[in-house]
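Notes for the one structure printed next.
There are 2 protein chains.
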Amino acid sequence: MVSKAFQPVPASEIPDEISGLRMTRQRQHIYRILLQHRDHPTANDVFMRIKDTLPNLSLATVYTCLDAMVKHGIIRQVNFDRGPSRFCPNLAEHGHFHDVTTGIIHDVKFKSGIHLEDVLDLPPGAIIKNVEFTLRGQLS
Amino acid sequence: MVSKAFQPVPASEIPDEISGLRMTRQRQHIYRILLQHRDHPTANDVFMRIKDTLPNLSLATVYTCLDAMVKHGIIRQVNFDRGPSRFCPNLAEHGHFHDVTTGIIHDVKFKSGIHLEDVLDLPPGAIIKNVEFTLRGQLS
DNA sequence: CTGATAACTGGAATAATTCTTGATATCGGC
DNA sequence: GCCGATATCAAGAATTATTCCAGTTATCAG
Ligand SMILES: [Mn+2]
Ligand SMILES: [Mn+2]
Ligand SMILES: [Zn+2]
Ligand SMILES: [Zn+2]
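Taken in order, these protein sequences are the chains called X and V.
For the first sequence, this note's numbering assigns the number 489 to the last residue and increments by one with no breaks.
For the second sequence, this note's numbering assigns the number 489 to the last residue and increments by one with no breaks.
Dropping the structure here:
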């Protein structure tokens, strides 16, 4: 069974509004890039991948479009140390495993039924809004 | 029982070498700041706290001293999103809970006996070198 | 069609951090 | 204690990712 992750996503399949955000031509192209090639690209990666199709697109627009989609919960922003932010269309709760040998970033989920709060010693009364985790290592 | 975390640490108690790194006067002062006030300060916070005692100290030196101590495993560098790096002398495996109401950052440990690898669906053959996690929320 | 509003562009500005270059300090051997 | 080698430090310039700004363009409501 072939993964759908890397199939081309025609513009027609991206609606002109998602979660209250108007999906302009620029946003549709950017979102399609994220869906087609789920390697957690930086804003600049997205810009380089898109500029053949939209030659007038500016990098500032890539930043503001990505930011708008993050704020509307359409995509997620992922940071590794001090490196440039990366972007991910996977909205399921997940973290990231960074293979330092290949540079590839893998999505990682909790085993089913497990929540991070259950395995941590939290300060009493803590209400968790958001969880992030990152692993670094290699595949043997 | 009173926590030892915020007791003053006299210069005499910091050895002149740790993990192979020569602890110069600047590094001792910086390290003492981190030990005395464990609130995960930024490089600039450290700089402001120290410049009365060492008026010639430059911010660049604070950065290089912190970096040297991180590379020698004496302290840890902690990043929250795109904010400035923060520094932590707690070497035990732990993550961070960021209280968005107060801005206070709390150290968080796993419940005893639990390892992140045990609760995650990792890619087969993954060898984990390093784990980081961050929670955001508030204390009710 | 028309004015209001949202989005976009390109270049300037910003903030954290790193780099560079020239002093200072420290070390081991004499 | 002096001396060259090496490590560290200071100050300012440079870098990088990102955001801001001001002017233009696109979209929407009536
Ligand atoms: Mn980026
Ligand atoms: Mn900092
Ligand atoms: Zn992801
Ligand atoms: Zn900590």
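Beta carbons are placed, not taken as given, at the ideal position from N, Cα and C, and that holds for glycine.
Boundaries of the beta strand (DSSP E) around X:Val427: 425-427.
As the crow flies, the alpha-carbon of X:Arg374 is around 16 Å from that of X:Asp416. Checking the 8 Å criterion, the Cβ of V:Val427 is within range of a heavy atom belonging to ligand 4.
Short of 8 Å from the beta carbon of V:Thr410, and not among the five residues preceding or following it, lie these beta carbons of its own chain, in chain order: Gln375.
Between the stretch 468-488 of chain V and the stretch 449-459 of chain V there are three or more inter-stretch CB-CB distances shorter than 8 Å, so the stretches are counted as touching.
Residue burial is scored here from C-beta neighbours: V:His378 has at least 16 other C-beta atoms within 10 angstroms and is therefore classed as buried. With its beta carbon at least 9 Å from every one in chain X, V:Thr402 lies outside the interface. Beyond the five residues adjoining it in sequence on each side, X:Val468 comes within less than 6 Å, by CB distance, of no other residue in the same chain. Straight-line measurement puts the Cα of V:Gln385 at about 15 Å from the Cα of V:Thr402.
X:Gln375 is not bridged by DSSP to any residue.
For X:Val457, the enclosing beta strand (DSSP E) covers residues 454-459. Judged by DSSP in its simplified three-state form, V:Val449 adopts coil rather than helix or strand.
Rounded to the nearest whole angstrom, the CA to CA distance from V:Arg398 to V:Lys420 is 23 Å. Look at which beta carbons fall closer than 5 Å to any heavy atom of ligand 4; those residues are V:Cys437, V:Asn439, V:Asp456. Sequence-distant partners of V:Glu481 (beyond 5 residues in either direction) whose C-beta falls short of 6 Å from its own C-beta are missing from its chain.
V:Ile367 sits close to V:Ile423, with the two beta carbons spaced by under 9 Å.
Put simply, the CB of V:Gly369 is far from chain X, with every gap to its CB atoms at 9 Å or more.
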